[in-house]
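Q:
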Amino acid sequence: MSQSILFTKNISQAIEETLSLYTFDRLFILTDTNTHEYALPLLLDCPRLADAIVITIKANDTHKNIEALAAVWYELSNRKATRKSFLINLGGGMVTDLGGFAASTFKRGIRYINVPTTLLGAVDAAVGGKTGINFNGLKNEVGVFNPALAVIISTQFFVTLSCENLLSGYAEMLKHGLISGPAIYNKLLTLDFSDPDLDKLLLLVEESVKVKEEIVEADPFEKNIRKSLNLGHTVGHAFESLSHERHAPVAHGYAVAWGLVCELLLSHMQLKFPIERIRQLATFIYDNYGAFPITCEEYSHLYELMTHDKKNDSGEVNFTLLSDVGEIIINQTATKENIEIALDLYRDLFHL
Ligand SMILES: NC(=O)c1ccc[n+]([C@@H]2O[C@H](COP(=O)([O-])OP(=O)(O)OC[C@H]3O[C@@H](n4cnc5c(N)ncnc54)[C@H](O)[C@@H]3O)[C@@H](O)[C@H]2O)c1
Ligand SMILES: O=C(O)C(=O)C[C@@H](O)[C@H](O)[C@H](O)COP(=O)(O)O
Ligand SMILES: [Zn+2]
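Numbering of the sequence shown is given in UniProt numbering, commencing with residue 1 and proceeding in unit increments.
#1: Mind listing, in chain order, the continuous alpha helix (DSSP H) runs of no fewer than 4 residues lying wholly within the stretch 176-221?
#2: Please state if the CB of R277 and the CB of V325 are separated by a distance shorter than 9 Å.
#3: Is A126 helix, strand or coil by DSSP?
#4: Could you tell me the alpha carbon to alpha carbon distance between A71 and C46, rounded to whole angstroms?
#5: Less than 9 Å between the C-beta atoms of V235 and L138, yes or no?
#6: By DSSP, does Y112 sit in helix, in strand, or in coil?
#7: Here's a check: name, in chain order, each residue in its chain whose Cβ is nearer than 8 Å to the Cβ of L242, leaving out the five neighbours to either side.
#8: So for K107, helix, strand or coil by DSSP?
#9: Using only the heavy atoms of ligand 1, determine whether one of them is closer than 8 Å to the beta carbon of F221.
#10: Classify Y254 as buried or exposed, calling it buried when 16 or more other Cβ atoms lie within 10 Å of its own Cβ.
#11: Just to check, is the beta-carbon of D309 closer than 8 Å to a non-hydrogen atom of ligand 3?
#12: How long is the line joining the alpha carbons of F239 and G129, rounded to whole angstroms?
#13: According to DSSP, what are the bridge partners of T93?
#14: Quick test of your reading: S228 and I328, contact by CB under 8 Å. State the CB separation rounded to the nearest angstrom.
#15: Given the structure, does R226 come close to ligand 2, in the sense that its CB is under 8 Å from one of the ligand's heavy atoms?
#16: Please tell me whether, using a cut-off of 8 Å, the distance from the CB of L229 to the nearest non-hydrogen atom of ligand 2 is below it.
#17: Which residue spans inside the stretch 303-351 form an unbroken alpha helix (DSSP H) run of at least 4?
#18: Label I66 either buried or exposed according to how many other C-beta atoms from any shown protein chain fall within 10 Å of its C-beta, with 16 as the threshold for buried.
#19: Below 9 Å between beta carbons: does that hold for F193 and L166?
#20: Give the secondary structure of S4 by DSSP, where H, G and I count as helix, E and B as strand, and everything else as coil.
#21: Please list, in chain order, all residues of the same chain as F145 whose beta carbon is under 7 Å from its beta carbon, the five residues on each side excluded.
#22: I want to check one thing, is the minimum distance from the CB of A148 to the heavy atoms of ligand 1 below 8 Å?
#23: When the distance is taken between beta carbons, is V115 closer than 9 Å to I5?
#24: Leaving out five residues on either side along the sequence, give the residues of the same chain with a beta carbon under 8 Å from the beta carbon of I225.
#25: When DSSP labels each residue in this structure, what does N230 get in the three-state scheme?
#26: Going by DSSP, what residue range makes up the beta strand (DSSP E) through L271?
#27: Compute the Euclidean distance between the alpha carbons of A171 and V250, then round it to the nearest angstrom.
#28: Report the rounded CA-to-CA distance for I11 versus I152, giving the unit in angstroms.
#29: Here's a check: name, in chain order, each residue in its chain whose Cβ is nearer than 8 Å to the Cβ of T62, leaving out the five neighbours to either side.
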């Protein structure tokens, strides 16, 4: 999978240089309502964007859906996009997932690049070629693997990000730390979110992207080791879908943070992952992210949601688990009973 990843302190220059590598007849920029307001102005001095056609969709994951996707297809079609046209996805993971899927399917595929504007987008969503939309109440139920030609990462965009969005991205960085090993993971636990050191954060971002890049390079289509990038997501996506059903959606990274704790509890039960490490992470997550409230009456529904996880086969729920920090064991099934015990333990740890 060839995908160039560029870190820059000058986003306009990086976009100019990247676009100079390609020829296209029409250039489109996809934003959501927030990135239109906060991120697009940072690109206004790019001469190559002067004639770009901006398409704007509603913000947030509730709009990562078939209606917003169709709206993008209509715009591309009505504005006469051809196979020689080019799309820039300017936004967080919602925009890069949906825009990547729109580009991959419009006229069977046009070229696109990602310019992530959230921490989560930079360290995870914009990188690695998973695109798609939510469908039928399930996360990323429809999509394709098709990487952006290039990903341009600039922390200039993070200035307008809320603390909630920084924390959401940080959860995916914690996941990268957990799968890579103590050297990165221990550093991540030392960042103080009441007064974050932004230089330190940038170094951690670069390390985090590298963790993802190397895994995707080794297994772009998630046949083996890429399943490690899904740590925390079997439970996390079930929490996220439940939050949408409740009409109180939680940010993806928050759901992943709580999912990580649940899946490490399963890891403890099935693979002896050290309990002290779980207490340490649960404290960090409780202090910074709070708790996702669940009751035991919701366990069966959460389990049903997990039966749709894309790692599953043969009717069993498939997890990526760890035997220790950095010790990944993929293709671990768990019984409904064990999953429910892990959820009980999660509620204990989070005072629910
Ligand atoms: N493809 C992948 O590999 C992958 C990986 C992780 C997550 N995801 C997906 O990514 C999505 C989550 O991404 P996200 O956390 O970036 O959410 P998001 O794109 O919804 O952005 C979060 C919020 O921040 C706003 N925003 C974006 N950039 C901003 C900026 N610079 N300043 C101010 N506000 C800004 C957005 O409009 C939105 O309201 C989920 O759909 C998740 O499933 C995909
Ligand atoms: O890149 C991957 O592989 C991941 O699993 C990264 C996840 O953080 C991301 O949320 C991804 O979209 C989840 O994919 P899914 O296949 O479980 O829908
Ligand atoms: Zn994720």
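Glycine included, C-beta positions come from ideal geometry on N, C-alpha and C.
Computed from a prediction, not measured in an experiment: that's the story for all the values here.
A: Taking the definition as stated:
#1: Secondary structure within the stretch 176-221: the alpha helix (DSSP H) runs of 4 or more consecutive residues, fully enclosed, are 182-188 and 198-218 (chain order).
#2: Here residue 325 is taken as the residue at index 325 of the sequence shown, counted from 1. Here residue 277 is taken as the residue at index 277 of the sequence shown, counted from 1. Yes, they are a contact pair.
#3: Sequence index remark: in the sequence shown, residue 126 carries index 126 (1-based). Looking at A126 - three-state DSSP - the assignment turns out to be coil, as it is neither helix nor strand.
#4: Stepping through the sequence shown from its first residue, residue 71 is reached at position 71. Stepping through the sequence shown from its first residue, residue 46 is reached at position 46. If you draw a straight line from the Cα of A71 to the Cα of C46, it comes to about 26 Å.
#5: The sequence position of residue 235 within the sequence shown is 235, counting from 1. The sequence position of residue 138 within the sequence shown is 138, counting from 1. It is not a contact, given that the beta carbons lie outside the stated cut-off.
#6: Your numbering for residue 112 matches position 112 in the sequence shown. In this structure, Y112 counts as strand in the three-state DSSP scheme.
#7: Along the sequence shown, one-based indexing puts residue 242 at 242. Only I294, E298, H301, L302 and L305 meet the Cβ criterion.
#8: For the purposes of this step, residue 107 is taken as the residue at position 107 of the sequence shown. The answer is helix: DSSP assigns K107 an H, G or I state.
#9: Along the sequence shown, one-based indexing puts residue 221 at 221. For ligand 1, not one heavy atom lies less than 8 Å from the Cβ of F221.
#10: By one-based count along the sequence shown, residue 254 stands at place 254. It is buried - the Cβ of Y254 has at least 16 other Cβ atoms within 10 Å.
#11: As a position in the sequence shown, residue 309 is number 309, starting the count at 1. Remark: the shortest separation between the CB of D309 and any heavy atom of ligand 3 does not fall under 8 Å.
#12: Your numbering for residue 239 matches position 239 in the sequence shown. Your numbering for residue 129 matches position 129 in the sequence shown. So the two alpha carbons sit approximately 24 Å from each other.
#13: Start at 1 with the first residue of the sequence shown, and residue 93 comes out as number 93. The displayed chain sequence assigns Gly, not Thr, to residue 93. Answer is none; G93 lacks a bridge partner.
#14: Against the sequence shown, residue 228 aligns to sequence position 228. Against the sequence shown, residue 328 aligns to sequence position 328. Rounded, the Cβ-Cβ distance is 5 Å, consistent with contact.
#15: Walking along the sequence shown from the start, residue 226 turns up at place 226. The beta carbon of R226 sits closer than 8 Å to at least one heavy atom of ligand 2.
#16: Here residue 229 corresponds to residue number 229 of the sequence shown, with the count starting at 1. Relative to ligand 2, the nearest heavy atom lies less than 8 Å away from the CB of L229.
#17: Unbroken alpha helix (DSSP H) runs of no fewer than 4 residues, entirely contained in the stretch 303-351, are found at 336-349, following chain order.
#18: Reading the sequence shown from its first residue, position 66 is the one you call residue 66. Counting Cβ neighbours within 10 Å, I66 comes out exposed, since fewer than 16 surround it.
#19: Numbered from 1 along the sequence shown, position 193 holds the residue referred to as residue 193. Numbered from 1 along the sequence shown, position 166 holds the residue referred to as residue 166. Yes, the pair counts as a contact, with Cβ atoms nearer than the cut-off.
#20: The sequence position of residue 4 within the sequence shown is 4, counting from 1. Strand at S4.
#21: Numbered from its first residue, the sequence shown carries residue 145 at position 145. Once the five neighbours on either side are set aside, the close Cβ partners of F145 are G129, K130, P220 and F221.
#22: In the sequence shown, counting from the first residue as 1, residue 148 sits at position 148. False, no ligand heavy atom lies under 8 Å from that Cβ.
#23: By one-based count along the sequence shown, residue 5 stands at place 5. By one-based count along the sequence shown, residue 115 stands at place 115. No, they are not a contact pair.
#24: What you label residue 225 is simply residue 225 of the sequence shown in a count that begins at 1. Only I215, A218, D219, I328 and I330 meet the Cβ criterion.
#25: In the sequence shown, residue 230 corresponds to position 230, counting from 1. If DSSP states are grouped into helix, strand and coil, N230 belongs with the helices.
#26: One-based indexing of the sequence shown puts residue 271 at position 271. Looking at the DSSP string, L271 is not in any beta strand (DSSP E); the run it does join, the alpha helix (DSSP H), is H252 to L271.
#27: By one-based count along the sequence shown, residue 171 stands at place 171. By one-based count along the sequence shown, residue 250 stands at place 250. When only Cα atoms are considered, A171 and V250 end up about 13 Å apart.
#28: As a first step, residue 11 is located in the sequence shown; it is residue number 11 there, counting from the start. As a first step, residue 152 is located in the sequence shown; it is residue number 152 there, counting from the start. Going by the C-alpha atoms only, they are around 8 Å apart.
#29: Translated into the one-based positions of the sequence shown, residue 62 becomes position 62. So the qualifying residues of the chain are H244 and P249.
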